[in-house]
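Sequence lines, in order, name chains V and S. So for the first sequence, my numbering puts the first residue at 1; every next one is plus one. So for the second sequence, my numbering puts the first residue at 266; every next one is plus one. We put the CB at the ideal spot given by N, CA and C, even for glycine. Since the structure is predicted, the reported quantities are computational estimates derived from the model, not experimental observations. Worksheet for the structure shown next.
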Amino acid sequence: MKILVTAKRVEDPESKIKVKPDGSGIVQEGLKYKINPFDEIGVEEGLRLVAKHTGEVVVVSIGGKEVQEQLRHALAMGAHRAVWVNHTGPLDQLGIAALLQKVADKEKPDLVILGKQSIDDDQNQVGQYLAEFLGWGQATFASKVESLESAEEKNKEPAVKLTADKKSVQVVREVDNGLATLECQLPAVVTTDLRLNQPRYASLPGIMKAKSKPIEELTPEKLGVNVTPQIQVLKLASPPARKAGIKVPDVATLVDKLRNEAKVV
Amino acid sequence: MPIVLIVAEQQPDGHLRKASLNAIGAGKQLADKAGAELHIAILGKDPAKVVDELKSTGAKAVHVGAAAELEHYLAETYAPVLSTLATELKADYVGMASTAQGKDLMPRLAARLKAAMATDITGLNGSGADITFTRPMWAGNVFAEVKLTTPVKVFTVRATEFAAAAGGQAAAEVKTFAPKVEASKTKFVEFKEVKSARPELTEARVVISGGRGTKGDFKEIEALADDLGAAVGASRAVCDAGWVPNDLQVGQTGKVVAPALYIAAGISGAIQHLAGMKSSKTIVAINKDAEAPIFQVADYGIVADLFKVLPELRAELQKLK
Ligand SMILES: Cc1cc2nc3c(=O)[nH]c(=O)nc-3n(C[C@H](O)[C@H](O)[C@H](O)COP(=O)(O)OP(=O)(O)OC[C@H]3O[C@@H](n4cnc5c(N)ncnc54)[C@H](O)[C@@H]3O)c2cc1C
Ligand SMILES: Cc1cc2nc3c(=O)[nH]c(=O)nc-3n(C[C@H](O)[C@H](O)[C@H](O)COP(=O)(O)OP(=O)(O)OC[C@H]3O[C@@H](n4cnc5c(N)ncnc54)[C@H](O)[C@@H]3O)c2cc1C
Chain V
1 MKILVTAKRV EDPESKIKVK PDGSGIVQEG LKYKINPFDE IGVEEGLRLV
51 AKHTGEVVVV SIGGKEVQEQ LRHALAMGAH RAVWVNHTGP LDQLGIAALL
101 QKVADKEKPD LVILGKQSID DDQNQVGQYL AEFLGWGQAT FASKVESLES
151 AEEKNKEPAV KLTADKKSVQ VVREVDNGLA TLECQLPAVV TTDLRLNQPR
201 YASLPGIMKA KSKPIEELTP EKLGVNVTPQ IQVLKLASPP ARKAGIKVPD
251 VATLVDKLRN EAKVV
Chain S
266 MPIVLIVAEQ QPDGHLRKAS LNAIGAGKQL ADKAGAELHI AILGKDPAKV
316 VDELKSTGAK AVHVGAAAEL EHYLAETYAP VLSTLATELK ADYVGMASTA
366 QGKDLMPRLA ARLKAAMATD ITGLNGSGAD ITFTRPMWAG NVFAEVKLTT
416 PVKVFTVRAT EFAAAAGGQA AAEVKTFAPK VEASKTKFVE FKEVKSARPE
466 LTEARVVISG GRGTKGDFKE IEALADDLGA AVGASRAVCD AGWVPNDLQV
516 GQTGKVVAPA LYIAAGISGA IQHLAGMKSS KTIVAINKDA EAPIFQVADY
566 GIVADLFKVL PELRAELQKL K
């Protein structure tokens, strides 16, 4: 199987995000960057699929030259090659999906795996846009039935199951009130939820090997895509702070407060 | 006149998903600001059941598309039908609640309509043609005001931030149409419902959530929930461990709740968890660690062992009865 996995560069989820006083952006100083956690799960799933069925994992990231760091991380985990779409400046989901469509046209993967959302913009859109642009089936929020601490997980079986005829995949999805199973004809788009797998650590030999793995450079111009954004982010603001509460010494006081102050019981 | 089209959702059990009423509430607000007319769409095998409820929400019209092939929701079959409807109506805005279905369907529909989209909106600003949306980013650490510049604009609605559309107005006109359902490369295999006798997390007046501090023992949390008629929630750590079903997860990537009372027991209060419960009216934290970040958002905190506090809390509450 050939699997294309996206790797977006995002702020470390542990970072403290602060809005600049003028609302034009966030304070960049002191921020660390990582691969979007959902994309790391995508890389892991791709690696498990090719371990079971043979094939190749190709990672792609769109952004300035700093996104090569995230590509190298995926290569160190075990991905085979990388594609870097060199673009600085704003991009919206229409632009990102259009670029990914061209990369998919070139690479002709059996499966494209993306994160269900990126933890910076939290849009939850790119996978679905891409599926529609490509005219492929989609299975978003892919999850698995077993817990991440299960024996299954420790055996590193892919949760995305190839059907016997190898023409489709079965995917379990996290939805409201339960789990839905879909069968998608290949090629298809899958987006990952958090409980799809537990990504592996990059090993030292993996990190060494990643240094010599190829990163192909493309640009929106080379791909023939106009990426003029259709979303304008006018300003950013911090959420209203909750006023600090109090610590109560015992349960009786708590119940008294809940009854007479908050009036919720 | 501009048109706002809100897509309502029928649950697998045939009922209207309650969050649809909040999305219609947002649609009504948008229609007022934009000087637009509010329309509702509902698709399914037999959506008739929910049409009555939709008729009295203050919309101009309810568009009902019934077809046997629409029995099981699939983005691939629903998006083209809705895209045709939105195009025929010349809809300027298309919105839906941020449910699992809304999040799966609306971006696919938006792509078909060549529209930009705003996910999980929490507010609407401006008037006439100059409407902007407020939406959370970075796990609710930041709220952005965004403007969509495509002719058609698509959005999903964070249900907890908009009041449910109330009845009482003149009944909407019901317009049935025969959907042309395209063949799909994806097929529905099965749906395993997680059944619970307790209220829905996103609708409950009281939510009691357990974290890793429970070590998987939810008995005390469930007992208190039953006493209070509350819903049970959980942190991600608890769902990952398989201690409770995934759909109890509250947070950035789980459910967003805003009950009158939220009790967090044995939850540290990571930013991703806070993203899902910070809008609750009153927050109580029970945690052994006085430094746990959850205390920074809690109205009332109690530094103690949850296995001691929860039974005491039940006993105290019993006394009030
Ligand atoms: C402060 C701020 C200002 C912004 N200003 C603008 C603006 O003026 N104009 C504008 O058009 N956009 C702007 N954006 C960016 C824009 O909102 C998003 O990048 C865009 O909508 C895509 O959404 P997302 O990254 O949330 O994707 P999601 O749909 O949440 O991401 C899902 C998945 O898509 C994949 N993916 C997404 N992006 C990439 C990537 N670059 N490379 C590889 N894979 C990727 C990943 O797999 C990811 O997990 C701004 C963003 C911020 C935070
Ligand atoms: C991309 C991403 C998305 C995420 N999305 C979510 C999300 O949607 N929702 C979510 O919840 N998390 C999410 N997380 C995970 C989040 O960062 C935290 O890891 C998680 O919330 C921690 O869960 P916890 O508080 O139960 O566990 P811990 O952080 O381990 O905290 C356990 C707490 O219990 C206390 N405790 C222990 N024993 C007792 C006792 N007997 N009595 C009282 N207190 C006790 C401890 O003092 C501690 O504070 C996400 C993470 C990432 C990276």
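- Taking the beta carbon of residue 352(S) as reference, no residue of chain V falls within 9 Å; the closest one sits roughly 15 Å away.
- Contact annotation, residue 551(S) with residue 571(S): C-beta distance approximately 5 Å; criterion of less than 8 Å satisfied.
- Taking a 10 Å sphere around the C-beta of residue 16(V), we find fewer than 16 other C-beta atoms and assign the residue as exposed.
- Contact of residue 361(S) with chain V by beta-carbon distance below 8 Å is absent, the smallest such distance being about 13 Å.
- Taking 7 Å as the cut-off, the C-beta of residue 185(V) does not count as close to any heavy atom of ligand 1.
- Taking 7 Å as the cut-off, one finds at least one heavy atom of ligand 1 near enough to the beta carbon of residue 38(V).
- Beta-bridge analysis with DSSP links residue 139(V) to 190(V).
- Contacts with chain V at 8 Å (Cβ-Cβ) do not include residue 358(S).
- With a minimum length of 3 residues, the unbroken runs of beta strand (DSSP E) contained wholly in the segment 67-100 of chain V fall at 81-86.
- Within the segment 21-58 of chain V, the complete alpha helix (DSSP H) segments of 4 residues or longer fall at 37-53, listed in chain order.
- In the DSSP assignment, residue 359(S) falls outside any alpha helix (DSSP H) and within the unbroken beta strand (DSSP E) covering 358-362.
- Taking C-beta atoms as the reference points, residue 355(S) and residue 381(S) fail to come closer than 8 Å.
- Assigned with DSSP and collapsed to three states, residue 415(S) falls in coil, not helix or strand.
- Residue 500(S) and residue 562(S) have their C-alpha atoms spaced approximately 16 Å apart.
- It is roughly 56 Å from the alpha-carbon of residue 188(V) to the alpha-carbon of residue 249(V).
- Per the coordinates, the alpha-carbon of residue 397(S) lies some 23 Å from the alpha-carbon of residue 323(S).
- The beta-bridge partner set that DSSP reports for residue 551(S) consists of 530(S), 567(S).
- With a contact defined as Cβ atoms closer than 8 Å, residue 178(V) and residue 457(S) qualify at about 5 Å.
- Using a Cβ-Cβ cut-off of 8 Å, residue 395(S) does not count as an interface residue toward chain V, since no Cβ of chain V sits closer than that to its own.
- For residue 44(V), not one C-beta of chain S is nearer than 8 Å to its own C-beta.
- For residue 491(S), the CB stays at least 7 Å from every heavy atom of ligand 1.
- Residue 339(S) is not a Cβ neighbour of residue 310(S), given a cutoff of 8 Å.
- Shortest gap from the CB of residue 16(V) to any heavy atom of ligand 1: 7 Å or more.
- Residue 303(S) and residue 273(S) have their C-alpha atoms roughly 13 Å apart.
- Residue 205(V) counts as exposed, since fewer than 16 other beta carbons sit within 10 angstroms of its beta carbon.
- Taking a Cβ-Cβ cut-off of 7 Å, the neighbours of residue 170(V) in chain S comprise 454, given in sequence order.
- Using beta-carbon distances, residue 308(S) does not count as an interface residue toward chain V, since no partner is under 8 Å.
- Taken atom to atom, the span from the alpha-carbon of residue 7(V) to that of residue 240(V) is near 32 Å.
- Judged by DSSP in its simplified three-state form, residue 232(V) adopts strand.
- Under the Cβ distance rule, residue 180(V) counts among the residues neighbouring chain S, one pair being separated by less than 8 Å.
- Contact annotation: in the segment 563-580 of chain S, residues whose CB is within less than 7 Å of a CB in chain V are 563, 564, 565, 566, 567, 568, 574, 577, 578.
- Under the criterion of beta carbons closer than 8 Å, residue 192(V) and residue 142(V) qualify as touching, at roughly 5 Å.
- For residue 411(S) and residue 267(S), the gap between their C-alpha atoms comes out near 20 Å.
- Residue 522(S) places its beta carbon less than 8 Å from that of residue 472(S).
- Look at residue 477(S): its C-beta is not under 8 Å from any C-beta on chain V.
- Taking the Cβ atoms as the reference, residue 474(S) lies roughly 4 Å from residue 498(S), within the contact range of under 8 Å.
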